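Quick note on the working numbering: the sequence shown kicks off at 31 and runs consecutively.
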Amino acid sequence: MMDLTVHTTSTAPAESKALLEGIAEDLGFVPNLAAATATSPALLAGFDGLRRAVAGGALDPVLRETAGLAVGVAVDNRYGVAFHSTVLTALGATPEDLERMRAGDEPADATAAAVYALARELVLTRGKVAEGTVRRTTEAGLSDTDVLEIVAESTFAGLVGTLDNLAGRVALDQPLRPATWSAP
């Protein structure tokens, strides 16, 4: 494990300060995981760029966060699971669906279930998704754009999981602590 410094805007390298300030402006706080990447301005720029691109896409925010949660559970990333659970709660996800997804099961809604299945399979098979899984997304009404944005969110969530695991599990931020998770 690496012992990464969780930077603030006053301790981060100069090239990372503006990025951290932008993240704080967007989210209302700087997540510890983003702050831990600030040691490498290039990584933080890529992390933030992908985060912004995915958030600005056409995919419904609930479906986007469902994909992120699926990846977090699949790769045993408690930071990602807590983050996506917190956002899904704010977006109105039912406690029952959250419980199911956090346990590794699909949500009740057919479209959300197709998203969850695709995102999970993307990371578990390193992108070698079965044709039936892709067909399930189109049968659920998702467009090619939606599927590609699920790939992007899954990639971002996988990056979060990799960074958190490499860093030895970054401390959960206060807003995420109510959604603390450990693998079933």
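C-beta: ideal position from N, C-alpha, C; glycine also.
All values derive from a computational prediction rather than experimental measurement.
Determine, using beta carbons only, whether F77 comes closer than 8 Å to chain B. No chain B is part of this structure, which consists of one protein chain only.
Using only the alpha-carbon positions, how far apart do D215 and N62 sit? Residue numbering for the chain in the displayed model covers 31 to 214; residue 215 lies beyond these limits and cannot be assessed.
If you reduce the DSSP assignment to three classes, tell me which class A213 lands in. coil
Which residues in the same chain have their Cβ closer than 7 Å to the Cβ of L152, if we skip the five residues on either side of it in sequence? V159, V181, S184
Looking at A147 and R166, is the spacing between their C-beta atoms short of 8 Å? yes
Within 8 Å, strictly: CB atoms of I216 and A42: No answer is possible for residue 216: the residues shown for the chain start at 31 and end at 214.
Look at L206 and F77 and say whether their C-beta atoms are less than 8 Å apart. Cβ atoms of L206 and F77: not closer than 8 Å.
Using the Cα positions of S173 and S40, report the straight-line distance between them to the nearest angstrom. 43 Å
Check E136 in the structure and name its three-state DSSP category. Looking at E136 - three-state DSSP - the assignment turns out to be coil, as it is neither helix nor strand.
Please return the same chain residues whose Cβ sits closer than 8 Å to the Cβ of T116, not counting the five positions on each side in sequence. P205, L206, P208, A209
By how many angstroms is the C-alpha of M32 removed from the C-alpha of V177? One C-alpha to the other measures close to 34 Å.
Is DSSP giving D176 helix, strand or coil here? helix
Let me confirm a value: D56 is counted as buried when at least 16 other C-beta atoms fall within 10 Å, else exposed. Which label applies? exposed
Could you give the DSSP three-state label for K158: helix, strand or coil? For K158, the secondary structure class from DSSP, reduced to helix, strand or coil, is coil.
In this structure, does DSSP put V36 in helix, strand or coil? coil
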